[in-house]
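The next block holds one structure in the form of structure tokens; read it before the comments.
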Amino acid sequence: ESPVPIPEPPQLPFLGYVTGIDPDNSVISFGRIAENYGEIFRARVPGASLVWISTHALVDEVCDEKRFQKKPNDVITQLRSGLHDGLFTATNDEPNWGIAHRVLMPAFGPKGIRDMFDEMKDIGSQLALKWARHGPHARINAPEDFTRLTLDTIALCSMGFRFNSFYSENLHPFVNAMVEFLLESGRRTQRLPLPSFVYRARDKIYESHVAVLSETAQTVLNERLADPDNDRKDLLTAMIKGRDSLTGQKMSDASIIDNLITFLVAGHETTSGMLSYAMVLREALRLDSPIPVFSVSPAEDTLLAGKYKIHKGEFIQCLLTKAHLDPAVFEDPTAFKPERMLDENFSKLPKNAWKPFGNGARACIGRPFAMQEAILTMAILFQNFNFVLADSDYELRNKQTLTIKPDNFFIRAILRDNLD
Ligand code: HEM
């Protein structure tokens, strides 16, 4: 049987789709193309060919790690200038991925995460206190305050560092450097292929932000190494003391630094996005996955669904904004129905129908961390407050930075009067 051609939207020579894609909302743009082209289409951008897939059946097929592996896409590759071969940005065959993965898995296991409970609660209480003090009339920018929460939590739990974002007007220089680093990494993926001097000034600023990130992490590491009696049970201790079960190796200082920065990057926007969409976490993650696309690639030329020819090395972009709404799996797919995620229903979902944390060995290592943090925060908030929209006619709009979050979303938090 001969392969069925994969539809390909028309494009401009050389520039590919760059001009047709809204750089601030590329996932939404590709989602729109998917609406016209159906389950699969191919898009070529300068230097790469991307196959976008939108149904559960196709995503399920590419989750077979024997045939397809994670291939860091353009966005992830840009992040390498700050994160190098840290867990999130590494390719599967880089040795530091395996070492860090095996050293860190226990730290992200049930006991490791339970040990972080008190510090998570500490930051959650700071958020509740802030909202209580601001009173019932204050317009609260929920995504911003959740970002303060998740950033402070991951910094405290990973390396014992307090950003104190709820107390200071001026955020710690690390935070600013990280935000700017992420923004510019995103912009870099949309650059037109112009000579490099055009971007020289911006590149210099970018490099200075990367330097702040690694210098801060280096200082934290040095301080901890100089204090061997410190018995904090955090990710930094796990990385300094842990040994790879396979090779007996320890993580190098460079790899520890890359992963400290990785945790801050990977651990804050995502979880804050989930909290901003929630209320009921699994269903919120289905409808609005903070990371709406993950990329894999076949080890060999292969046929997808027995008919679509995919070449070795091509990117397959799993478009969760579509696959999570597949009517073949979810009845009334765009409706928010948390009951479909109750344990007894969740366990009956078809394999790979819910992928907000990615796939297989390269799935999110921080998933239990994020879920404990989010459940704890929601418990603290609902014990103490009733919530209303600050703008009663608000309609959800998504904003894409590196992750997806609600745009311009304000709430009011009203203390429950039965507090004793
Ligand atoms: C990987 C989502 C929270 C650390 C991933 C991937 C996804 C994801 C989709 C796979 C990316 C890919 O295939 O390229 C999320 C969501 C979160 C969340 C939706 C919150 C709701 C966290 C937290 C941390 C974290 C709190 C750190 C404490 C990581 C790391 C990886 C990763 C290190 C790379 C793992 C590897 O490849 O070995 N995450 N994440 N994430 N995440 Fe998360």
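At position 219 of the sequence shown (counting the first as 1) the number is 1434 in this note's numbering, and the numbers step up by one without a gap.
Where a beta carbon is used, it is the ideal one built from N, C-alpha and C, also for glycine.
Predicted, not measured: the structure shown is a model, and the values here were computed from it.
{"Check": "Considering Cα atoms alone, identify which of Lys1285, Trp1267, Ser1264, Arg1247 is closest to Ala1514.", "Outcome": "Lys1285"}
{"Check": "Tell me the rounded alpha-carbon separation between Met1320 and Val1413.", "Outcome": "43 Å"}
{"Check": "Have a look at Arg1415 and His1424 and give me their C-alpha separation to the nearest angstrom.", "Outcome": "14 Å"}
{"Check": "Is Lys1326 helix, strand or coil by DSSP?", "Outcome": "helix"}
{"Check": "Of the residues Pro1571, Leu1534, Pro1410, which one's Cα is nearest the Cα of Ser1241?", "Outcome": "Leu1534"}
{"Check": "Given a threshold of 16 other Cβ atoms within 10 Å of its Cβ, counted over all protein chains shown, does Arg1363 qualify as buried or as exposed?", "Outcome": "buried"}
{"Check": "Going by the CB atoms, is the gap between His1539 and Leu1502 shorter than 8 Å?", "Outcome": "yes"}
{"Check": "Might you give, ordered along the chain, the residues of its own chain that have their beta carbon closer than 7 Å to the beta carbon of Leu1490, omitting 5 neighbours on each side?", "Outcome": "Phe1361, Ala1589, Thr1592"}
{"Check": "Could you name the residues of the same chain whose beta carbon sits closer than 7 Å to that of Leu1428, not counting the 5 residues immediately before and after it, in chain order?", "Outcome": "Gly1297, Phe1389, Ala1392, Met1393, Phe1396, Ile1476"}
{"Check": "Can you check whether the CB of Ala1322 is closer than 8 Å to the CB of Ala1453?", "Outcome": "yes"}
{"Check": "Mind checking Met1494: buried by the 16 CB within 10 Å criterion, or exposed?", "Outcome": "exposed"}
{"Check": "Compare the beta carbon distance of Ser1504 and Asn1288 with 8 Å and say whether it is the shorter of the two.", "Outcome": "no"}
{"Check": "When every heavy atom of the ligand HEM is checked, does at least one fall within less than 7 Å of the C-beta of Leu1641?", "Outcome": "Residue 1641 lies beyond the stretch modelled for the chain, which goes from 1216 to 1635, so this question has no answer here."}
{"Check": "At what residues does the beta strand (DSSP E) containing Leu1518 begin and finish?", "Outcome": "1517 to 1519"}
{"Check": "Within the continuous alpha helix (DSSP H) that includes Trp1569, where are the two ends?", "Outcome": "Element bounds for Trp1569: n/a, residue is neither H nor E."}
{"Check": "Leaving aside the five residues before and after Tyr1252 along the sequence, list all residues of the same chain whose C-beta is less than 6 Å from its C-beta, in chain order.", "Outcome": "Pro1222"}
{"Check": "Hey, would you say Asp1473 sits closer than 8 Å to His1299, going by beta carbons?", "Outcome": "yes"}
{"Check": "Since Gln1615 is in the beta strand (DSSP E), which residue starts that stretch and which ends it?", "Outcome": "1613 to 1615"}
{"Check": "Which of the three DSSP states, helix, strand or coil, is assigned to Leu1302?", "Outcome": "coil"}
{"Check": "Please identify the residue among Pro1220, Leu1407, Phe1332, Ala1481 whose C-alpha is closest to the C-alpha of Thr1618.", "Outcome": "Ala1481"}
{"Check": "Identify, in the order they occur along the chain, each residue of the same chain with its Cβ nearer than 6 Å to the Cβ of Glu1280, setting aside the five sequence neighbours on each side.", "Outcome": "Gly1575"}
{"Check": "Only counting the same chain, and skipping five residues up and downstream in sequence, which positions put a Cβ closer than 7 Å to that of Arg1631?", "Outcome": "Asn1599, Phe1600, Asn1601"}
{"Check": "Should the stretch 1433 to 1447 be regarded as contacting the stretch 1340 to 1355, the criterion being three or more beta carbon pairs within less than 8 Å?", "Outcome": "no"}
{"Check": "Let me know the secondary structure DSSP gives Ser1440 once reduced to three states.", "Outcome": "Here residue 1440 is Leu; the residue named in the question, Ser, does not match the sequence. In this structure, Leu1440 counts as helix in the three-state DSSP scheme."}
{"Check": "Could you compute how far the alpha carbon of Asn1379 sits from the alpha carbon of Gly1339?", "Outcome": "12 Å"}
{"Check": "Buried or exposed for Thr1304, going by 16 or more other Cβ atoms inside 10 Å?", "Outcome": "buried"}
{"Check": "Between the Cα of Ser1373 and the Cα atoms of Pro1358, Met1331, Lys1336, which residue gives the shortest distance?", "Outcome": "Met1331"}
{"Check": "What is the DSSP secondary structure of Ile1314, counted as helix, strand or coil?", "Outcome": "helix"}
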